[in-house]
Amino acid sequence: MKIYSDEALSRALFALAEQRMQAAGNTFYCSEAVFAVMAAVAPDHVSYELLKPLENRDFLHAVYLTLLQRPIDQAAAQNWESQLSLPSSQFQTTLLNSVLRSQEYRNNPMPLLDCPLPLESQTPQLTIHVVNNGLPDRLVRIYQKLPRSLQKLAKKIAGKE
Amino acid sequence: MASQPITKVYIDLSRLCLTPFTTGIQRVAKAVVLRMLKNPKLDVVLLCDLPCHTQWRILPHDAFITYYTKQSGSPYGAAPPITIAPDALQPDAVFFDIDSAWNMPMRRSWLFPKLRQRGVTIVSHLYDLIPVTEPQYFHQNTATQFLAWTSAVLQYANHIICNAYATKDALHTLCGQLSLTPPPCTVIPLGGDFAPQTDSKEQPDAALMKHLSKYRYVLMVGTIEPRKNHALVLDAVDALSELGIRVVFAGRIGWNMEEFAQKMKQHPKNGSDFFFADTPSDATIHALYENALAVVFPTKNEGFGLPIVEAFRHGTPVLASDIPVLREVGGEIAVYFDHTSTESLLEAVKALLADEAAYQQKRSDAAAYRPRTWDETAEDMADALCTIAPMHGTAPHTPLRQMVVLTARNQDLLRTLPYWDAYLPFIEELLVCCPSKNIPELKEAFHGRIRLRFFTDEELLGDIPLPQDHTMRNFFLRCLLMQKAPLDDVFIMTDDDYRPLMPLDETFFRKNGRYQAYYCYDLCQWNGTQGNYTSYDLSMFRTAAFLNSQHLPTLQYSSHQPQIIDRKLYLSMLEQYPDIATTGLDEWSSYFNYAIAKEPAMFYAQPYCSMCWPGAITDWQLWCMPQRLCFENFYDVLYEEGQVFEGLSKEFHPDTVQREHMEKIDRWHRMLRRQSNQTAAHAMYEAYYRAMYHTQPQLMLAEDDEHPARFALPQLIVLPTGSLVRLTLQAADSLRNSNHAVLRYGIQSPNGSPITPMHTLPLCDADPSRALTILLSTPVSPVSGMLVLEYQSAQNSALVTGSLPCVIAALDGIL
Chain A
0 MKIYSDEALS RALFALAEQR MQAAGNTFYC SEAVFAVMAA VAPDHVSYEL
50 LKPLENRDFL HAVYLTLLQR PIDQAAAQNW ESQLSLPSSQ FQTTLLNSVL
100 RSQEYRNNPM PLLDCPLPLE SQTPQLTIHV VNNGLPDRLV RIYQKLPRSL
150 QKLAKKIAGK E
Chain B
0 MASQPITKVY IDLSRLCLTP FTTGIQRVAK AVVLRMLKNP KLDVVLLCDL
50 PCHTQWRILP HDAFITYYTK QSGSPYGAAP PITIAPDALQ PDAVFFDIDS
100 AWNMPMRRSW LFPKLRQRGV TIVSHLYDLI PVTEPQYFHQ NTATQFLAWT
150 SAVLQYANHI ICNAYATKDA LHTLCGQLSL TPPPCTVIPL GGDFAPQTDS
200 KEQPDAALMK HLSKYRYVLM VGTIEPRKNH ALVLDAVDAL SELGIRVVFA
250 GRIGWNMEEF AQKMKQHPKN GSDFFFADTP SDATIHALYE NALAVVFPTK
300 NEGFGLPIVE AFRHGTPVLA SDIPVLREVG GEIAVYFDHT STESLLEAVK
350 ALLADEAAYQ QKRSDAAAYR PRTWDETAED MADALCTIAP MHGTAPHTPL
400 RQMVVLTARN QDLLRTLPYW DAYLPFIEEL LVCCPSKNIP ELKEAFHGRI
450 RLRFFTDEEL LGDIPLPQDH TMRNFFLRCL LMQKAPLDDV FIMTDDDYRP
500 LMPLDETFFR KNGRYQAYYC YDLCQWNGTQ GNYTSYDLSM FRTAAFLNSQ
550 HLPTLQYSSH QPQIIDRKLY LSMLEQYPDI ATTGLDEWSS YFNYAIAKEP
600 AMFYAQPYCS MCWPGAITDW QLWCMPQRLC FENFYDVLYE EGQVFEGLSK
650 EFHPDTVQRE HMEKIDRWHR MLRRQSNQTA AHAMYEAYYR AMYHTQPQLM
700 LAEDDEHPAR FALPQLIVLP TGSLVRLTLQ AADSLRNSNH AVLRYGIQSP
750 NGSPITPMHT LPLCDADPSR ALTILLSTPV SPVSGMLVLE YQSAQNSALV
800 TGSLPCVIAA LDGIL
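Spelled out as structure tokens, the structure:
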């Protein structure tokens, strides 16, 4: 009997199902590599480490399926076709910048973590001011922007509630 | 009368609660769960996914019952939600997935490893494997989600419940194709006595029923989708019409059937010999059933076949596909035909028409059919859950009276013995494994209650050479001990400096038939003292690698407190892995992770109970808080001036020991609080950052096509004053592997003057399997500056730099 890693088992299952799809004259909309990424992704974020090793076409499909949470549409696939021959880091940077800046992504953002690529953020840079009492006003605003549950927890820890 | 043990069961009903329509699976989940809530053997906790998808809200029972029995109120209740995360589930409980878990955002590939790590028993309900065996019949989203779910179930489920033997056979076939050992599987057929859903005032479709009253018709009920094979029956309309039989489809158009819907609409006999009742009311469905010649069920594959049961409840005969699962449900009462052949269907209909007496007998048989009840199904499922994860564990109740210590330090042992003597009254014997020359002094000096027994190093080792390294030697000796020493079957293993702080009885180590196993960390996250790894650190790394290679959990059980050991399980581990004795694993973590994976019902894993581990609160970041402080991991140095236990006694004095222990516990709690406050402050910063930037603040050193090395840093970092802060730097393997690679870091003021010293870390000194740790000791006064990082791969190569704004603020200022 075999011992599988999580990824190996999901790939093996997909390969079996893909054989059956092909026998019925169909095929899956994603490759085995993309499926393995989809099976491994966390519920609340996508780690770039999962996407990074994919070749460009698979990377394109995986970004849509994980960050936008839908298969790529035909128009978008055609749009990106000409750039699939770019070096992988260039293609990945270009694609991610496009997707992360899109309104569709911003409407339902799935956080992308562990990504060292030089992605452009449209959120303004923070500037820090130190006020006389040593407590930066920015920090007060950090606290004020926290969800209420975290504010309550913070006060409880500090013994202020 | 002894109270009955109760099994705690968590059930995730996210799909039931969150989808606006009810599928067959949700009907099953509802029928079973409503009954389980009344079962006194179970303590059921109902869960529903929160929008973050990493936690649940707990559904109040009364609100749930009212909503799903009286269609009133909300299943969530009116009070603010109580939330629970997977890491907080009770370790000896069952997690029972009966809803359509493959559709849930909280992916089981993410959830199940956490539950396994926690020791929760996972039971998955398997309705069928059709999306794996015939994926072409499903929307690709559904098929891929189901595949991912199936993979998680095969990998992690402790037990599977199926509703048909055909499904169990399919599971075994699939596992055979994958060369996998199938999880244990129990077959529990579904009930069939659904409560009528008709509003008593609702009337069936009068026009349709009036038209059909003139004819005999065959009926297909259910969603029109490829697998159900409506096409076969539609193709038979003309031939059936010649027999005087009409065809009625009742249901809604399902996935990928637009073309078929057009075909139905344009059928020449639509409205005369063929009728499609689109999404009919329940009253119409009931009337259609009652008046049908027969229900036709030509499906290509099913998980159960509830339509057969529904037809029988109306006294209507069934013509069903001749496939194993339908033969299980339909038994001798249904009539079977080849679902790939229109001719076979026609022959079956002709047979019904040919003999009126036989046909009426079929109707009587159908009417006499008594389906299995949901009460029976729910009771069987409850019994299965109680058996799979008995609340009362299966650890043998052999006497627990022996403690075992490996020591070469007489003085340390003699100082600890009075504590064991006083606070562990159930221990009768201490087996001391030591050099023979140590024995006379021990015999001379100790005259307490506990009987000392000796097993010498010479007896243990014979001529076998000892490894030089401390932890390698330790593990090697323990393995030999298990094989050679006069050990009880179950005993307490300890080091010579673990002092109990209060009287403890056997239930601290074994309770309700479960060995209590105390963990303190996750081995995969143990970073050690980077740049200066101890023998202990290296042992943790080796143990993590070994456990990962065997797909075993990776909790760290070297919690620096005595723990209970089952000798047979330890020997079983050594038998399964005959070469590990010389590999320098951690003797506690290797054993407990192996044993708990092998015999989960024998154990209850929980956070540890010792103080002074870590010895200094700045030694390492706690991964979990000790749940209470029952043991002291004794360090002489902590009693010196300026240290945490200054002024307290190092020795056992019966008159003052209890008062001093309370004082020690109090002081240690204050130390723990300081660290937990820092952790909370960092969590606040991360939460803010995530809300602003939709990502975690991460420090990275990466390479790409354009830059051989480049820092990728957050926009801002916030650190507390007067603290030792640990930050993780993720670095590409190739940048770490260079022999001369060096990382420097420190905090500087905006004009470049140092706020903290610049630290230097040769990267070859950091274990390649562990993340790099940046250790910063922040000043006691608030200040802001820049966290500066520099990387150099070799002596004369270019310096790569990065920096980010760094604010150091007082915790109570932030909070």
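Chains as they are written, first to last, in numbering that gives the first Met the number 0: chain A, 0 to 160; chain B, 0 to 814. All residues carry an ideal CB built from backbone N, CA and C; glycine is no exception.
Residue burial classification, residue i (beta-carbon count within 10 angstroms, cutoff 16)
i, result
"A:P17", "A small fix is needed here, since residue 17 of chain A is Glu in this sequence, not Pro. The residue is buried, with at least 16 neighbouring Cβ atoms inside 10 Å."
"A:Q121", "The predicted model places A:Q121 with a pLDDT of 41, which falls under 50 and marks its position as unreliable; any figure quoted below should be read in that light. The residue in question, A:Q121, is exposed, as its Cβ has fewer than 16 Cβ neighbours within 10 Å."
"B:A366", "exposed"
"A:S101", "exposed"
"B:H446", "exposed"
"B:T533", "exposed"
"B:S340", "exposed"
"A:T65", "buried"
"B:I463", "exposed"
Cross-strand partners of residue i (DSSP beta bridge)
i, result
"B:Y214", "The partner list for B:Y214 (beta bridge, DSSP) is empty, contrary to what the question assumes."
"B:M610", "B:E631"
"B:R509", "B:Y514"
"B:T838", "The structure shown does not extend to residue 838 of chain B, since chain B spans only 0 to 814, so no value can be given for it."
"B:Q605", "B:Y517"
"B:V724", "B:L775"
"B:S783", "B:V806"
CB contact below 7 Å: residue i versus chain B
i, result
"A:S9", "yes"
Residue i Cβ short of 6 Å to the ligand SAH heavy atom set
i, result
"B:N592", "The model on display carries no ligand, and the ligand SAH is accordingly not part of it."
Min CB distance residue i to chain A below 7 Å
i, result
"B:W109", "yes"
"B:L786", "no"
"B:T180", "yes"
"B:V131", "yes"
"B:A1", "Residue confidence for B:A1 is low, a pLDDT of 45 falling below 50, so the modelled location carries little weight and cannot support an answer."
"B:L441", "no"
"B:L146", "yes"
"B:R115", "no"
"B:Y105", "As written in the sequence, residue 105 of chain B is Met, which differs from the Tyr given in the question. Yes, B:M105 counts as interfacial toward chain A."
"B:H338", "no"
"B:Q135", "yes"
"B:L522", "no"
"B:L711", "A small fix is needed here, since residue 711 of chain B is Ala in this sequence, not Leu. True, the Cβ-Cβ gap to chain A drops below 7 Å."
"B:Q674", "no"
"B:Q139", "yes"
Under 7 Å between C-beta atoms of residue i and residue j
i, j, result
"B:I160", "B:I187", "yes"
"B:S240", "B:M103", "no"
"B:A156", "B:I121", "yes"
"B:S99", "B:I5", "no"
"B:P781", "B:A740", "no"
"B:S557", "B:D585", "yes"
"B:R400", "B:E427", "yes"
"B:M35", "B:V44", "no"
"B:L486", "B:A680", "no"
"B:F644", "B:Y638", "yes"
"B:T406", "B:S435", "no"
"B:L110", "A:L12", "no"
"B:T819", "B:C523", "Because chain B is modelled from 0 through 814, residue 819 of chain B falls outside the range shown and cannot be assessed."
Exercise. Residues of the segment 84–96 of chain A with a CB closer than 7 Å to any CB of chain B: list them in chain order, please.
Key: P86, S88 and Q89
Practice problem: Could you please tell me which residues of the segment 30–58 of chain A, in chain order, have their CB closer than 7 Å to any CB of chain B? | Solution: F34, M37, A38, A39, A41, P42 and D43
Quiz prompt | Residues of the segment 64–77 of chain A with Cβ closer than 8 Å to any Cβ of chain B, in chain order | solution = P70
Quiz item: What residues from the segment 8–27 of chain A come within 7 Å of chain B, judged by C-beta to C-beta, listed N to C?
Solution: L8, S9, A11, L12, F13, L15, A16, R19, M20, A23, N25 and F27
Quiz item: What residues from the segment 689–708 of chain B come within 9 Å of chain A, judged by C-beta to C-beta, listed N to C?
Solution: R689, A690, M691, Y692, H693, T694, Q695, Q697, M699, L700, A701, E702, D703, D704, E705 and H706
Quiz item: At a Cβ cut of 8 Å, what residues of the segment 47–73 of chain B count as close to chain A, listed as they run along the chain?
Solution: C51, H52 and T53
Quiz prompt | Residues of the segment 540–561 of chain B with Cβ closer than 8 Å to any Cβ of chain A, in chain order | solution = Q549 and H550
Practice problem: May I ask you to list, following chain order, the residues of the segment 9–24 of chain B that have a beta carbon less than 8 Å from some beta carbon of chain A? | Solution: none
Quiz item: Taking a cut of 7 Å between CB atoms, which residues from the segment 146–162 of chain B lie near chain A?
Solution: L146, A147, T149, S150, L153 and Q154
Practice problem: Can you give me, in chain order, the residues of the segment 727–755 of chain B that have a beta carbon less than 7 Å from any beta carbon in chain A? | Solution: Q729
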